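Reviewing the structure listed below.
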Amino acid sequence: MSALPDLHDRYTGSRFAFEQRRKTLARGVSSAIRANQLPVPLTFVEGRGAHVRDIDGNDYVDYALAYGPMVLGHSPEPVLYAAHQQLSEAISYGGSHRRESELSEAICRTVPCAELCVFSNSGSEAVHAAVRIARAATGRRRVIKFLGHFHGWLDPLAVGNPGHWDASPATAGQDPLASSSVSVLPWNDLDALHATLTDDVAAVIMEPVAVNGGCFTADPGYLEEVRERTQQVGALLIFDEVITGFRLSLGGAQERLDVLPDLAVLGKALGAGFPISAVCGRADVMEVVASGAVAHIGTSNANPVCAAAAVASVTELERRAHEIYPQLEDTGAQLAEILRDEAAEAGLPLVVNSVGAAAHAFYASTSVTSYADTVRTDPAAYRVFAEALLDEGLHVIPRGLLYVSTMHGPAELARTRSAVARAAASAATSLRSRS
Ligand SMILES: Cc1ncc(COP(=O)(O)O)c(C=O)c1O
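Spelled out as structure tokens, the structure:
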């Protein structure tokens, strides 16, 4: 039998561009996570609706969606229009402008806990601001975070991240002392919480739906108990809604789950792809910023173009919420079902957890209902499947996260079903030959 054809011919342009980039751009990517894409980090040239196109001319149905922000799909008209309008006025002032108050008003209208806001550029920065606000508001240092929850790349909270099983630093170069006042607990474990949540804790921070670790929802009553216990000891509850905000419902996970945090962090979907993030929360807590006690500083905070885009994004999501969120719910469920059905048909062990417009797939033969369960999954085997999906024209995050947008319609889902069927068959074959 002749040698297998080189499936990677379709990535020649991306491979060449990657090699060129590496000469001047460290590791050839601008975020370490992007280096994980196999067979090579793709070089993209266009994003429209539910599709992205690479430098080789390959068109993909996009389930990575820029790691989450593109709830309205790529290049949504109202967002483009608003950004262009703002660009015709100015790029940045380093001063106040009407877009920032339009945006803070839009957030206070749509996010249940929001009475006051501040803006930053990335989710990581806004998490940092939220923790600083919590420490200032409570006069305490200790912070509780959870194993397998992700809150960005900055030193203090980059411990116990997805793929890690203890509180050791996530990366070389990280200052372990920066996390000295951070306790990392298992999530969904009330005993662990009760043992650690004492009256010296400034804040408990969590992803209210643990999307990064595997798209897990809390046990019934858990979030309510965390809410009550934090109130009892005078600690603040921070929901990191960088993924869940504007994705799991207009008002984020807090609205969907009906649990009100003291502070929430927003990013990703807020800017529809433009780099902007926010901390919002109760006015009495945010008072430490309002009074000037907490310095919240940044040259590009609430950049007018990003703020204009975010206003357009939130306004569009708000205007069409009654239609958008049921549609996202349905599309997310359909995607999960397609993956489960076609993997089963091909004999590929696949578990798909899905919550609204977010999902996480694992190579596993038994259900994965908690972060602890992820030890029984095989991320390397999933990456083989992810690569096969890419070969079949579906752009996915190699770690298993999947996102849908309002632009994923019946045509994309039909194409997805046949692509998943072929990819699952090919991955099953290559994984069988590997073992
Ligand atoms: C829940 C959560 N918080 C914070 C962050 C950090 O956001 P950024 O990458 O914009 O710094 C992320 C990024 O993926 C995230 O998923």
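Under the numbering used here, think of the first position of the sequence shown as 1065, with each following residue one higher. We put the beta carbon where it would ideally sit given N, CA and C, even for glycine. Predicted, not measured: the structure shown is a model, and the values here were computed from it.
7 Å Cβ shell around residue i - same chain, five flanking residues per side excluded
i: residue 1066; result: Unreliable positioning characterises residue 1066 in this predicted model, as indicated by a pLDDT of 43, which lies under 50. The coordinate reading is nonetheless provided below. The answer is none, since no qualifying residue turns up.
i: residue 1331; result: 1186, 1187, 1190, 1306 and 1341
i: residue 1290; result: 1257, 1268 and 1301
i: residue 1199; result: 1205 and 1266
i: residue 1149; result: 1372
Own chain residues within Cβ distance below 8 Å of residue i, not counting five before or after
i: residue 1109; result: 1117, 1118 and 1119
i: residue 1353; result: 1180, 1182, 1197 and 1360
i: residue 1246; result: 1206, 1207, 1208, 1209, 1220, 1221, 1223 and 1231
i: residue 1315; result: 1174, 1175 and 1176
i: residue 1249; result: 1208, 1209, 1210, 1211, 1256, 1257 and 1260
Residue range of the unbroken beta strand (DSSP E) whose run includes residue i
i: residue 1370; result: Premise fails: residue 1370 lies in the alpha helix (DSSP H), 1368-1383, not in any beta strand (DSSP E).
i: residue 1345; result: 1341-1345
i: residue 1123; result: 1123-1126
i: residue 1241; result: Premise fails: residue 1241 is in no beta strand (DSSP E) and is neither H nor E.
i: residue 1254; result: From DSSP, residue 1254 is part of no beta strand (DSSP E) but of the alpha helix (DSSP H) over 1254-1260.
i: residue 1269; result: 1265-1270
i: residue 1360; result: Taken as a continuous stretch (DSSP letters only), residue 1360 belongs to no beta strand (DSSP E), as it is neither H nor E.
i: residue 1110; result: 1108-1112
i: residue 1287; result: Counting along the chain, residue 1287 falls outside any beta strand (DSSP E), though it belongs to the alpha helix (DSSP H) covering 1286-1297.
Whole-angstrom C-beta distance between residue j and residue i, which should lie under 8 Å
i: residue 1215; j: residue 1283; result: The Cβ separation is near 22 Å, so there is no contact.
i: residue 1415; j: residue 1431; result: 6 Å
i: residue 1334; j: residue 1309; result: 6 Å
i: residue 1413; j: residue 1436; result: Contact flag wrong, Cβ pair sits at about 19 Å.
i: residue 1323; j: residue 1288; result: 6 Å
i: residue 1369; j: residue 1338; result: 7 Å
Range of the contiguous alpha helix (DSSP H) that encloses residue i
i: residue 1276; result: 1275-1278
i: residue 1077; result: 1076-1086
i: residue 1484; result: 1474-1498
i: residue 1148; result: 1141-1153
i: residue 1172; result: 1162-1174
i: residue 1097; result: Taken as a continuous stretch (DSSP letters only), residue 1097 belongs to no alpha helix (DSSP H), as it is neither H nor E.
i: residue 1192; result: 1187-1202
One or two residues paired with residue i in a DSSP bridge
i: residue 1209; result: 1248
i: residue 1459; result: 1126
i: residue 1303; result: 1270 and 1328
i: residue 1424; result: 1417 and 1465
i: residue 1180; result: 1345
i: residue 1117; result: 1110 and 1123
Cutoff 6 Å; reference residue i; Cβ partners in own chain excluding five residues on either side
i: residue 1445; result: 1427 and 1495
i: residue 1367; result: 1156
i: residue 1454; result: none
i: residue 1068; result: Residue placement at residue 1068 cannot be trusted, given a pLDDT of 47 that sits under 50; what the coordinates show is reported in the next sentence. Answer for residue 1068: no residue qualifies.
Beta carbon proximity, residue i to chain B, threshold 8 Å
i: residue 1293; result: As a matter of chain content, chain B is missing from the structure shown, which is built from one protein chain.
*Closer than 6 Å from C-beta to any heavy atom of ligand 1: which residues, in chain order?*
Any residue whose Cβ sits closer than 6 Å to a heavy atom of ligand 1 makes the list: 1131, 1186, 1187, 1188, 1191, 1214, 1215, 1216, 1271, 1276, 1304, 1306, 1307 and 1331.
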